[in-house]
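Residue numbers (the numbering used here): 26 to 787.
All C-beta atoms, glycine included, are put in the ideal place defined by N, C-alpha and C.
Written out as structure tokens, the structure is:
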């Protein structure tokens, strides 16, 4: 029976007596209890839609893990060390988002959070157990007394340049925040009884409960206090500056401004404390960098810390202090390197007593490290690692500032980058299963998920197949491949139904995105306007090859043969309609006269061209000025094609896209090499993969890493050293003057290293 195994089956969902279903609601749930002896307290909890939990004024954590309508997650945690003898106060701040279908678009919540009409709900179970194992108090909702306060202090806004794709802006009136809501000195009249809304026990006859609860599949996000490293100078023609370093108090009826630097781009919860300043207005602007100019969505960025020629732009939280000792903290994390604080006082002076942030993200423990006497390698490694970690939360985000959504292509690359630095497989597997749950009735996956806004980029479903393939090579998890084989076949059948009169897929529909390329409107190959796209067809053929390998693993060899036949058929038609002898390349479509690097690289990966033919074609593609060139994400596949063709040395020039960033004082790697919008995009962290897998050459020889290959293929970096994480342990490689001079591997694992003549140490 469903839910008999969970720890919430005896709890009930509680709610305030009434709520407004047409707006974002904030409700505080509070339970007070007394302890006269030490106890252990382990709790399980969830909320609709999000919660932050405090116990005795200390933040315990936030959640639940981001899910969808099929999996509404709950969290389990041991909070014993927060419990004290005497009076204890447990408070949850719950934010719920209204059903998107029933409200105006400016009143909804972020797309990543599934919305519904259930309203603000909270559920928690737990019992205080003494040293003898006796229950001395039950904190479970539906059993214990929980009070609630409906917040009227907070309103929410979407930033015009991110809509609801990123963080929600908050406006908070301090006078309306419940007094000392985390502590003991509350105003009792502000708190009211809760009502029981839903049971969460087993349901008969196969009926699901209102919320299908599953325990979170990944660890809790880490939270670590961070401080700003310096105050930035303010221009003379700007608002007068104030300084916390000097201990400035902002006088009545005045305006002051301060800009602070976190030292690097971070994702974190912003905290601000004030004294006095009744009716003052404090605006907090979060920015990735200083920008030189802007025109609507477009912004011109230069040197990112150039505060002399640039200014800050970004989303804004607004706080109105009550005039007492006030504290403002964001409910959701913000993304910033710089923060601008603008203060306008009324009759009272205002003192800004504290600002800091709590850095948050997935608790990735990286065990790979790479160093070289070439400075660019070290610099890009640090930037890439920071980029990856900024984009890892309860999901992969493509860009944490602008789009906190989990996209398939981004997730594919970010998972490979995770495998390059850590043995952690939690988020890669969750991403695979998230997208599996996004399958639409027409047979295609959604491209961003979890999301309550349906969006389809068909090519991204093909990348999901490669995600499964990569995960299998990392883990040798054959059972997962078997579980997913039906979805793989469904996706490929969706494509097969779009084969037109030329024997090629065409008129794919939805958003036919391939890459952010200058000259392609919205990233769509121009050939898509007139019929088949060569890049799309070769990507499909390549995906059929990848899927064929998975079908062999899943014990469906006859399906594998079918996939190879279908790939061969696509390639045969491309050879007829799109190959041009004069150029030595595939044109971008049967009626096109333009070329893209994308078509050539996928042709090699799909085995349309091999050996000398592949080398010649790719070399031509790299050295033809008029060709449409790969941006950051598809450069990964260009590297793979060059590797497959045996000309990895041709990647040397491609690194210029990354090297040119070093002069811009970035701390992360942006979304694309041109017209840079986002300063941190997970798909750009390519150095993590290339340094470990290609420069040092550490790769799995078989799925699961029972045999490890160490075979560096980069000829242009002569001196490099590093430790590379694998599921079997760390492999250390040292290369001097282009030769391996030291090799250490994990005990009991076979290492194949054809280039090394010394002993393999463990």
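Whole angstroms is fine: what's the gap from residue 660's alpha carbon to residue 669's?
On the chain shown, position 635 is the one that residue 660 refers to. On the chain shown, position 644 is the one that residue 669 refers to. Residue 660 and residue 669: Cα-Cα distance of roughly 14 Å.
List the DSSP bridge partners of residue 163.
On the chain shown, residue 163 is found 138 positions in, with the first residue counted as 1. According to DSSP, residue 163 bridges with 152.
Check residue 724 in the structure and name its three-state DSSP category.
As a first step, residue 724 must be located in the chain shown, where it is residue number 699. Looking at residue 724 - three-state DSSP - the assignment turns out to be strand.
Contacting residues, own chain, Cβ-Cβ under 6 Å from residue 619 (five flanking each side not counted):
Residue mapping note: residue 619 aligns to position 594 of the chain shown, counting from 1. Within the same chain, residue 619 has close Cβ partners 613.
So who's on the other strand from residue 76, going by DSSP bridges?
For the purposes of this step, residue 76 is taken as residue 51 along the chain shown, with counting starting at 1. DSSP lists 88, 119 as partners of residue 76.
Give, in chain order, every unbroken run of the alpha helix (DSSP H) that is at least 4 residues long and sits entirely within the region 451 to 509.
451 to 461, 483 to 500
How far does the beta strand (DSSP E) with residue 38 in it extend, from its first residue to its last?
Along the chain shown, one-based indexing puts residue 38 at 13. It spans 37 to 40 - the beta strand (DSSP E) in which residue 38 sits, taken as one unbroken run.
Out of curiosity, what's the CA-to-CA distance linking residue 781 and residue 404?
Translated into positions along the chain shown, residue 781 becomes position 756. Translated into positions along the chain shown, residue 404 becomes position 379. For residue 781 and residue 404, the distance between alpha carbons rounds to 28 Å.
What would DSSP say about residue 538, mapped onto helix, strand or coil?
Indexing the chain shown from 1 puts residue 538 at position 513. Residue state, collapsed to three classes: coil.
With DSSP as the reference, identify every bridge partner of residue 691, one or two as the case may be.
The residue you call residue 691 lines up with position 666 of the chain shown. Looking at the DSSP assignment, residue 691 forms no beta bridge with any residue, so it has no partner.
Residue nearest to residue 263 in terms of C-alpha spacing, selected from 94, 333, 107
In the chain shown, counting from the first residue as 1, residue 263 sits at position 238. That would be 333, whose Cα lies nearest to the Cα of residue 263.
Helix, strand or coil for residue 562, going by three-state DSSP, please let me know.
Taking the chain shown and counting its residues from 1, one reaches residue 562 at position 537. Looking at residue 562 - three-state DSSP - the assignment turns out to be helix.
Proximity test, Cβ basis, 7 Å: residue 352 and chain B
The chain labelled as chain B is not found in the depicted structure, where only one protein chain is given.
Range of the contiguous beta strand (DSSP E) that encloses residue 142
The residue you call residue 142 lines up with position 117 of the chain shown. Neither: residue 142 is in no beta strand (DSSP E) and is coded neither H nor E.
So residue 723 and residue 756 are supposed to be a Cβ contact under 8 Å. How far apart are they, rounded?
Along the chain shown, read from residue 1 onward, the residue named residue 723 stands at position 698. Along the chain shown, read from residue 1 onward, the residue named residue 756 stands at position 731. Yes, they are in contact, since the Cβ atoms of residue 723 and residue 756 sit about 5 Å apart, within 8 Å.
For a minimum of 4 consecutive residues, which ranges assigned as the alpha helix (DSSP H) are wholly contained in the region 410 to 456?
433 to 446
Per DSSP, residue 173 is paired with what?
On the chain shown, residue 173 is found 148 positions in, with the first residue counted as 1. Paired residue(s): 54, 217.
Closest Cα partner of residue 124 within the set 46, 164, 575:
Stepping through the chain shown from its first residue, residue 124 is reached at position 99. For residue 124, the nearest C-alpha among the options comes from 46.
What would DSSP say about residue 278, mapped onto helix, strand or coil?
Translated into positions along the chain shown, residue 278 becomes position 253. If DSSP states are grouped into helix, strand and coil, residue 278 belongs with coil.
Can you tell me whether DSSP reads residue 586 as helix, strand or coil?
If you number the chain shown from 1, residue 586 lands on position 561. Reduced to three states, the DSSP call for residue 586 is helix.
For the beta strand (DSSP E) containing residue 361, name the first residue and the last one.
As a working note, residue 361 is residue 336 in the chain shown. Where residue 361 is concerned, the enclosing beta strand (DSSP E) stretches over 359 to 369.
Look at the alpha carbon of residue 529 and the alpha carbon of residue 331, and state the distance between them as a whole number of angstroms.
Numbered from 1 along the chain shown, position 504 holds the residue referred to as residue 529. Numbered from 1 along the chain shown, position 306 holds the residue referred to as residue 331. Taking the straight line from one Cα to the other gives about 50 Å.
I'd like the list of long-range same chain contacts for residue 524, defined as Cβ closer than 7 Å, with 5 residues on each side in sequence excluded.
One-based indexing of the chain shown puts residue 524 at position 499. Excluding sequence neighbours, residue 524 sits near 530.
Determine the contact status of residue 436 and residue 409, defining contact as a CB-CB distance below 7 Å.
In the chain shown, residue 436 corresponds to position 411, counting from 1. In the chain shown, residue 409 corresponds to position 384, counting from 1. In this structure, residue 409 does not lie closer than 7 Å to residue 436 by Cβ.
Meets three-Cβ-pair contact criterion under 8 Å: the region 376 to 393 and the region 313 to 330:
no
By the three-class DSSP mapping on this structure, what secondary structure does residue 28 have?
Here residue 28 is taken as the residue at index 3 of the chain shown, counted from 1. Confidence is the limiting factor: at residue 28 the pLDDT is only 42, short of 50, which leaves the residue's position unreliable, though a coordinate-based value still follows. It is coil, neither helix nor strand.
Which residues in the same chain have their Cβ closer than 7 Å to the Cβ of residue 520, if we skip the five residues on either side of it in sequence?
Mapped onto the chain shown, residue 520 falls at position 495. These residues qualify, in order along the chain: 530, 565.
Within the same chain, show all residues whose beta-carbon is closer than 8 Å to that of residue 364, passing over the 5 residues directly before and after it, in chain order.
Here residue 364 refers to the residue found at position 339 when the chain shown is read from its first residue. Answer for residue 364: 253, 284, 285, 287, 295, 309, 310, 311, 312, 380, listed in chain order.
Name the one or two DSSP bridge partners that residue 377 has.
As a position in the chain shown, residue 377 is number 352, starting the count at 1. Answer is 299.
What does the alpha-carbon distance come out to for the pair residue 148 and residue 70?
The count along the chain shown starts at 1 and reaches residue 148 at position 123. The count along the chain shown starts at 1 and reaches residue 70 at position 45. If you take the alpha carbons of residue 148 and residue 70, they lie about 5 Å apart.
So the candidates are 325, 57, 337, 251; which of them puts its Cα closest to the Cα of residue 207?
Reading the chain shown from its first residue, position 182 is the one you call residue 207. When only C-alpha atoms are compared, the closest one is 57.
Which residues bound the beta strand (DSSP E) around residue 326?
The count along the chain shown starts at 1 and reaches residue 326 at position 301. Run containing residue 326: 323 to 326, per the beta strand (DSSP E) assignment.
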